[in-house]
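Chains as they are written, first to last, in this note's numbering: chain A, 146 to 468; chain B, 625 to 1055.
Glycine is no exception: its CB is placed at the ideal position from the N, C-alpha and C atoms.
Each remark here refers to the structure printed beneath this line.
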Amino acid sequence: METVKIAPAKETTTVPVARKKRKWTADHWLATAFLAPSVVLIFLFVYGFIGWTGYVSVSNWNSLVPDWSFAGLKNYQYLFQDFRFQADLRNTIVFTVLFIAVVIVLGQLLAILLDQKLRGESLFRNIFFFPMALSFVVTGVVWQWLFNPSTGVNLFLKPLGLDSKWYTDTTILGGFQWGKIEFGIPLAMIAVVVAAVWQMTGFAVAMYLAGLRAIPDEVREAARMDGATELQLYWKIILPLLRPITVSVIIIMAHISLKIFDLIYAMTGPGANFVTDVPGVYMFETTFRGNYYANGAAIAIVMLLSVAIFIVPYLISSRKGES
Amino acid sequence: MRKKASAWLALALGVGMALSGCSSNSSSSDDAKQGSQKAGEKLEIFSWWTGAGEEDGLKALIKLFQEKHPDIEVENAAVAGGAGTNAKAVLASRMQGDDPPSTFQVHGGAELNEGWVAAGKMEPLNDLYEQEGWMDKFPEALIDMVSKDGNIYSVPVNIHRGNVLWYNKKVFADNGLQPPKTFDEFFEVADQLKAKGVTPLALGDKEPWTATHLFETVLLGTLGTDNYQKLWNGELSFDDPQVKQAVETFKKMLGYINEDHSSRNWQDAAQLVAEGKAAMYVMGDWAKGYFVNDLKLKVNEDFGYVPTPNTDGKFMVITDTFGLPKGVKNPDDVKKFLALLGSVEGQDAFNPLKGSIPARIDADPSKYDEYGKQTMEDFKNAELAPSLAHGSAAAEGFVTKVNQAINIFVTQKDVNSLIDTLVSAAAELKK
């Protein structure tokens, strides 16, 4: 599906510009023939089902027997008053912010270090990229063992007097009452952030490295001629030049972290008192275990909207850039 | 010109490949159909039996079936995942899409009756029961668990007991302790163990159903079988003082568990008892299979078992059953398989391997180990109670909500909030 989609897209963007308008040549027919199946399939299986999910989310279908009667916003109301969903929102916000911040900082740092023309660069590059080749499920299982309070890294840390409970910790850092839950940073989430960062930083490094390579040497030389120190050079010139890359990294990481399911499901599950639960896990359990289909659809729609907050402005601005 | 021609060629190829893809699929399934003598459907057996022991049991059953009916092609469509979490999700989407497996594993009780039967997705099996003469071969209370409005909807294969307290014999002997029979004795023993630095009670609630499992045994022990049953048909409310007392007892028990409970699943928690780091463990008797087969421990030597506090003479039933979904193309083949499942021969092929006891009361005890023999005896005489954590007592939706409430309770220990949640979830139950 993916490949079919990409190839014809090029055809349409280049061909009509090159030719005079309205005359349907064989190229046009060909382009349309290539495009039509994927357009139809996308409208049916992506947008069609988004609409369908939206419809289910305002229905009364909360058992094995479908009930299409209109429920209004009842399911959403239930969700936002639900302890578990409120905890999920807190966890998603905390996870997304921490995860993206660390990935950006670490990605830039490692990319800059790799860019110093050091020996064995490709070896390091491969080491950083390698976790990307794994599935989140594998990462989750491995880090679950590493952070297991009684068998993991604690075996090294205990002699040093450190005894973290990692993902079994139910403490909420800086917590205050918010709705039904305590809002703050759930300490258990930090273990999950570490695992996610380990997996995704390589991707950010690759993007930043490409960005660094695209900066012409003249820029650096000119700065040095003007007497800028290395620190000033990076802080005032290189990093600002990398800003478009940062925007892309944020967009890509945000849609991963807002929809995260597999890592959490494999690593911690919902966690005691739902300290590591996320909407994806709740949606899966409530829909397919509890048979609350309408509630599950409502969670899915909330997740879609949260991703849209990041993606839509990006799409709009990139369309403006094109025209 | 050449460019264009090659592009058209690419399109033609693409379409061609798509078409040939379809046709090769259909031709291979044609081959499969011709392979079996009857040009009928495969018998697809859907379960979550993929673990050690249970998978062997299922394979033994299938082998036995194929010896008797070599003309029917069988497909083992098992989906891995503890307690059927993933399998149930797959099953739900297949049933919704009118693509049911030929027969599927389902816990007897509400999971069957309030779920698939209420949704109108199951065929009654009364004629099969008559024909096989099963009406007096299964306990009446068990047949009730797989019946709704006078119709029987599935065939029980096995019985697991939920209310078992496993204990490490060495730890108990070293400290001169006796396994507890009542809650008072439990807390006495637990205090002494705690003073000695042994974790009194193991819990692994990474998957929250294990905590619900512990809670339901406390409920049964506090309320007694009759009142426990009344909770599920609405005759007894969850804000009854007895329920509150049970919740208080449960809360007190949670003071004696291992600290890393939320990082462990049920097997990891059983391991604590096997290693002597914890002394007691409340779990269904599939834990025996784990102790014996995986950890190589000996029954009544390394570990012992008693009913959980106050539940002597009571039997928390977890029964795996198989039924006949509506819309299956080969109902006669399915009935042949169900007939084997319900026969003494079938049950005695499956259960010794799975580590459960037969659902029939006339099976051959000599095929079962020491634990199995005693449990078969208990099963005949005990009062049967449906398990909540395993979907027999109430519909899945209710169980999901209870699991969530219990998960919160294990950390917050807020008795009133748990009772409130149970009451409001139960209001939905009655509808």
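Is the Cβ of residue i closer than 8 angstroms to any Cβ of chain A?
i          : result
Ser1048(B) : no
Ser887(B)  : yes
Val958(B)  : no
Ile1043(B) : no
Thr1035(B) : yes
Thr1056(B) : Nothing can be reported for residue 1056(B): it is not among the residues displayed for chain B, which extend from 625 to 1055.
Ala743(B)  : yes
Ile589(B)  : Chain B is shown only over 625 to 1055; residue 589(B) falls outside these bounds and no answer can be derived.
Gln891(B)  : no
Thr709(B)  : yes
Ala713(B)  : yes
Trp856(B)  : no
Asp1038(B) : no
Ala656(B)  : Reliability of the predicted coordinates at Ala656(B) is poor, the pLDDT of 40 falling under 50, and no value is obtained from them.
Gly645(B)  : Here Gly645(B) scores only 42 on pLDDT, less than 50, and its place in the model should not be relied on; the value that follows carries that caveat. No, Gly645(B) does not count as interfacial toward chain A.
Counting only Cβ pairs nearer than 8 angstroms, list the residues of chain A close to residue i.
i          : result
Ala716(B)  : Leu209, Phe433 and Asn436
Glu1087(B) : Because residue 1087(B) is not part of the residues shown, which for chain B are 625 to 1055, the question remains open.
Trp740(B)  : Leu209
List the residues of chain A whose Cβ lies closer than 9 angstroms to the Cβ of residue i, in chain order.
i          : result
Thr1024(B) : Glu430, Thr431, Arg434, Gly435, Asn436 and Tyr437
Gly705(B)  : Neighbours of Gly705(B) on chain A: none; closest Cβ ~11 angstroms, over 9 angstroms.
Hey, is residue i's beta-carbon within less than 8 angstroms of any beta-carbon in chain B?
i         : result
Ala417(A) : yes
If I measure Cβ to Cβ from residue i and keep anything under 7 angstroms in the same chain, skipping five residues before and after, which residues do I get?
i          : result
Glu872(B)  : Val1039
Ser980(B)  : Asn782, Ile783 and His784
Thr674(B)  : Ala702 and Ala704
Ile1030(B) : Pro832, Ala835, Thr836 and Phe839
Lys830(B)  : Ser886, Ser887, Arg888 and Asn889
Ala1049(B) : Phe1022, Lys1025 and Val1026
Gly733(B)  : Met769, Pro1010, Gly1015, Ser1016 and Ala1017
Val457(A)  : none
Starting from residue i, find everything on chain A with Cβ-Cβ shorter than 7 angstroms and list it in chain order.
i          : result
Asp884(B)  : Pro294, Ser295 and Thr313
Ala1017(B) : Neighbours of Ala1017(B) on chain A: none; closest Cβ ~15 angstroms, over 7 angstroms.
Gly879(B)  : Chain A residues near Gly879(B): none, gap ~15 angstroms exceeds 7 angstroms.
Taking C-beta pairs closer than 8 angstroms, name the residues in chain B that residue i reaches, listed in chain order.
i         : result
Phe188(A) : Within 8 angstroms Cβ-Cβ: nothing; Phe188(A) doesn't reach chain B, min ~19 angstroms.
In chain B, which residues lie with their C-beta within 7 angstroms of the C-beta of residue i?
i         : result
Gly414(A) : Lys830 and Glu831
Arg229(A) : Gln1028
Would you please state the rounded distance, in angstroms, between the beta carbons of residue i and residue j? I believe it to be under 8 angstroms.
i          : j          : result
Ala1019(B) : Glu738(B)  : 4 angstroms
Val906(B)  : Thr841(B)  : 6 angstroms
Ala417(A)  : Thr315(A)  : 5 angstroms
Leu801(B)  : Gln816(B)  : 6 angstroms
Pro763(B)  : Leu1008(B) : 7 angstroms
Pro931(B)  : Leu789(B)  : 7 angstroms
Gly900(B)  : Asn799(B)  : So it is not a contact: roughly 11 angstroms between Cβ atoms.
Ala713(B)  : Phe433(A)  : 3 angstroms
Met345(A)  : Val248(A)  : 6 angstroms
I'd like the list of long-range same chain contacts for residue i, defined as Cβ closer than 6 angstroms, with 5 residues on each side in sequence excluded.
i         : result
Ile696(B) : Leu667 and Asp957
Ala368(A) : Leu378 and Ile382
Ser671(B) : Ala702 and Gln729
Gly786(B) : Gly908, Met940, Ile942 and Ser1011
Between which residues of its own chain and residue i is the CB-CB distance below 8 angstroms, once the five residues before and five after are set aside?
i         : result
Asn236(A) : Pro331, Met334, Phe419, Val420, Thr421, Asp422 and Val423
Phe240(A) : Met334, Val337, Val338, Ala341, Ser402, Ile405 and Val423
_Continuous alpha helix (DSSP H) assignments of at least 4 residues falling wholly in the segment 168–222 of chain A_ = 171–187 and 194–202
*Contained beta strand (DSSP E) runs [length at least 3] in the segment 916–973 of chain B, N- to C-terminal order*: 927–931 and 938–947
*Along the chain, which unbroken stretches of the beta strand (DSSP E) at least 3 residues long are found entirely within the segment 288–358 of chain A?*
317–323 and 326–331
*Mind listing, in chain order, the continuous beta strand (DSSP E) runs of no fewer than 3 residues lying wholly within the segment 823–877 of chain B?*
Annotation note: the segment 823–877 of chain B contains the following uninterrupted beta strand (DSSP E) runs of length 3 or greater, listed N- to C-terminal: 823–826.
*beta strand (DSSP E) runs wholly inside the segment 724–751 of chain B, at least 3 long, in chain order*: 727–731
*asked:* Give the list of continuous alpha helix (DSSP H) stretches no shorter than 4 residues that lie fully inside the segment 223–292 of chain A.
replied: 228–259, 266–274 and 281–291
*Sequence ranges, alpha helix (DSSP H) only - wholly within the segment 374–452 of chain A, length at least 4*: Runs found: 388–403, 407–412 and 424–429.
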